[in-house]
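The next block holds one structure in the form of structure tokens; read it before the comments.
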Amino acid sequence: MSASAAPAVELAGTVDRLTVIDRGLWQPNAPERFDTVPVEPPAAFHDDPVLRANPWPSNSEMIVDLVRLGYLGRGRLTMDPTFGKGNWWRLWWPELLVGSDLDPVKSPTGTSIAFTNLPYEDGLFEAATFDPPYVCVDEETEILTADGWRKWDQVLVGQLAYGLDHESGEGTWAPIEDVIVLPAKDREVLSLEGQSHSSITTLDHRWPILRRRRSGESRTYEREFTTSRDLKADDRVPLAARCRDLPTEASHSDAFVEVVAWFWTEGHLERGRRGEQLSYGKISQSHVVNEPNCERIRSALAAEFGPDNGLFPRTG
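If you're matching positions, the sequence shown starts at 47 in our numbering and goes up one per residue.
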């Protein structure tokens with residue numbers, strides 16, 4: 047796989063995604079201690095239109111919205127209360143922010159949320175920095191849905207799509223939570239082209255990867271997330287994942303599944319003399335070069351539809 051930066055106009059600087067949080071809403075109880083964690087916010091805040099449009103009455107509602115919008119996900123490098131001056135926040139995962147780790151408490155500003163499971167130094171933070179949503183891919187990118195492969199303008203919220211549980215490495219069907227379409231503009235992108243992969247992504251697009259780790263003579267791969275900007279030559283990007291939601295009882299015969307597979311890979315629909323689409327197709331194989339394949343196709347057809355009668359009906 048080769049990687050190269052596609053021609054584009056480079057953006058003028060990076061705009062951090064910041065949201066101002068009322069003092070008192072952040073009350074971390076730290077299980078670990080760190081040398082220094084500055085509590086002074088940066089001189090100026092650069093908030094995003096998405097964030098400006100969404101005021102949150104509580105941290106729990108903020109977290110739910112940020113997860114839905116893609117600001118928080120099952121990965122690292124998501125929140126930085128040190129304003130870029132440290133790196134210890136890489137040690138925790140944002141899913142600690144949801145579910146049972148959120149406990150309602152009272153704060154000086156009213157009902158609040160205590161984050162009981164984060165490696166924060168004791169203290170209050172007025173701001174937190176978020177990664178941008180994990181955008182963006184080009185308009186030709188497709189996603190596998192229950193209705194087939196679809197592009198961005200062919201999918202709907204709630205439609206089932208095939209995704210990856212990166213923690214387990216398994217694939218699973220889940221409803222699409224949101225479709226984020228950003229305005230067209232010049233952006234710096236990364237083009238990846240290989241025999242089994244083709245993509246164009248912005249540099250902040252997030253990838254599930256297997257990253258090589260060395261320990262003495264041993265070499266292992268750990269599941270991580272990274273961005274297009276930080277992809278390394280020896281990172282492995284999963285191309286497929288075994289579905290964990292497969293049915294335990296067959297809904298179709300093995301012969302039918304095999305016939306469909308042969309038609310999908312080696313078949314085609316016929317056209318009439320005037321170019322019109324006909325309602326039948328053909329599966330093509332060379333009986334000279336691939337006689338074993340021909341025999342498998344005959345066996346599958348016979349098992350599913352009965353013995354060959356020597357005639358091909360053309361009635362549709």
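Virtual Cβ for every residue (Gly too), placed ideally from N, Cα, C.
Review point. Which class does Ile222 belong to by DSSP, given the choice of helix, strand or coil?
Key: Here residue 222 corresponds to residue number 176 of the sequence shown, with the count starting at 1. Correct three-state label for Ile222: coil.
Point to revise | Secondary structure of Ala307, DSSP reduced to three states | key: The count along the sequence shown starts at 1 and reaches residue 307 at position 261. Note: Ala307 maps to helix in three-state DSSP.
Point to revise | As assigned by DSSP and simplified to three states, the class of Gln323 | key: Working through the sequence shown from its first residue, we reach residue 323 at position 277. Here Gln323 sits in strand by DSSP.
Exercise for review: Just tell me which of Ser242, Asp291, Asp354 has its CA closest to the CA of Pro284.
Suggested key: Residue numbering aside, residue 284 sits at position 238 when the sequence shown is read from its first letter. Closest by alpha carbon: Ser242.
Review point. For Ala207, does the three-state DSSP call read helix, strand or coil?
Key: To locate residue 207, count along the sequence shown from 1; it is residue 161. Strand, per DSSP.
Check your understanding: Hey, out of Thr311, Glu304, Gln323, whose CA is closest to Phe351's CA?
Key -> Locating residue 351 in the sequence shown gives position 305, where the first residue counts as 1. Nearest C-alpha to Phe351: Glu304.
Check your understanding: Are at least three pairs of beta-carbons, each pair with one atom in the stretch 270 to 289 and one in the stretch 246 to 260, less than 8 Å apart?
Key -> yes
Exercise for review: Compare the C-alpha of Asp193 against each of Leu202, Glu185, Thr187, Ala287 and name the closest.
Suggested key: Residue mapping note: residue 193 aligns to position 147 of the sequence shown, counting from 1. Cα-wise, what sits closest to Asp193 is Leu202.
Point to revise | the stretch 322 to 337 contacting the stretch 306 to 313, beta-carbon criterion three pairs below 8 Å | key: yes
Check your understanding: What is the DSSP secondary structure of Cys289, counted as helix, strand or coil?
Key -> Stepping through the sequence shown from its first residue, residue 289 is reached at position 243. Strand, per DSSP.
**Study point:** Helix, strand or coil at Glu312 [DSSP, three-state]
**Key:** Position 266 of the sequence shown, counting from 1, holds the residue named residue 312. Of the three classes helix, strand and coil, the one that applies to Glu312 here is helix, per DSSP.
Practice item. Please name the residue, chosen from Ile343, Trp195, Ala207, that lies closest to Ala307 on a Cα-to-Cα basis. Key: Within the sequence shown, the letter at position 261 stands for residue 307. Ala307 has its Cα closest to that of Ile343, out of Ile343, Trp195, Ala207.
Practice item. Compute the Euclidean distance between the alpha carbons of Ser237 and Arg252, then round it to the nearest angstrom. Key: Within the sequence shown, the letter at position 191 stands for residue 237. Within the sequence shown, the letter at position 206 stands for residue 252. If I take the Cα positions, the gap works out to 14 Å.
Review point. Quick one: what's Lys328 bridged to in DSSP?
Key: Here residue 328 refers to the residue found at position 282 when the sequence shown is read from its first residue. Lys328 is bridged to His314.
Exercise for review: Let me know the beta strand (DSSP E) ranges lying completely inside the stretch 233 to 302, each 3 residues or longer, listed in chain order.
Suggested key: 235 to 240, 243 to 248, 252 to 261, 264 to 273
**Study point:** Boundaries of the beta strand (DSSP E) in which Leu347 is found, first to last residue
**Key:** Here residue 347 refers to the residue found at position 301 when the sequence shown is read from its first residue. Per DSSP, Leu347 belongs to no beta strand (DSSP E); it is in the alpha helix (DSSP H), 337 to 351.
Exercise for review: Can you grab the Cα-Cα spacing for the pair Ala349 / Ala301, in whole Å?
Suggested key: By one-based count along the sequence shown, residue 349 stands at place 303. By one-based count along the sequence shown, residue 301 stands at place 255. About 6 Å.
Review point. Which residues mark the beginning and the end of the beta strand (DSSP E) in which Thr187 is found?
Key: Stepping through the sequence shown from its first residue, residue 187 is reached at position 141. Run containing Thr187: none; DSSP gives neither H nor E here.
Practice item. Quickly, what does DSSP pair Gly194 with across the bridge? List them, please. Key: Taking the sequence shown and counting its residues from 1, the one referred to as residue 194 is at position 148. The partner list for Gly194 (beta bridge, DSSP) reads Thr191.
Review point. Given Arg259, which residues of its chain have a CB within under 8 Å of its CB, disregarding the five upstream and five downstream residues?
Key: Within the sequence shown, the letter at position 213 stands for residue 259. Cβ neighbours of Arg259 beyond the five flanking positions: Arg265, Thr266, Tyr267, Glu268.
Check your understanding: Can you list, in chain order, the residues of its chain whose CB lies under 7 Å from that of Glu316, leaving out five sequence neighbours each side?
Key -> Residue 316 sits at position 270 when you count from the first residue of the sequence shown. Closer than 7 Å at the Cβ level, and outside the excluded window around Glu316, lie Leu324, Tyr326, Gly327, Lys328.
Review point. How long is the line joining the alpha carbons of Gly262 and Glu270, rounded to whole angstroms?
Key: The residue given as residue 262 occupies position 216 in the sequence shown. The residue given as residue 270 occupies position 224 in the sequence shown. So the two alpha carbons sit approximately 21 Å from each other.
Exercise for review: Pull up the DSSP beta-bridge partners for Glu216, would you.
Suggested key: The sequence position of residue 216 within the sequence shown is 170, counting from 1. In DSSP, Glu216 forms a bridge with Asp211.
Point to revise | Cut-off 7 Å between Cβ atoms - residues of its own chain near Pro229, not counting five sequence neighbours on either side | key: Locating residue 229 in the sequence shown gives position 183, counting from the first residue. Excluding sequence neighbours, Pro229 sits near nothing in its chain.
Point to revise | Distance between beta carbons of Ile226 and Pro205, contact taken as under 8 Å | key: Position 159 of the sequence shown, counted from the start, is the residue given in the question as residue 205. Position 180 of the sequence shown, counted from the start, is the residue given in the question as residue 226. The amino acid at residue 205 is misidentified as Pro; the sequence shows Gln. That belief does not hold up - the Cβ atoms of Gln205 and Ile226 are roughly 15 Å apart, past 8 Å.
Practice item. Could you give the DSSP three-state label for Asp354: helix, strand or coil? Key: By one-based count along the sequence shown, residue 354 stands at place 308. Reduced to three states, the DSSP call for Asp354 is coil.
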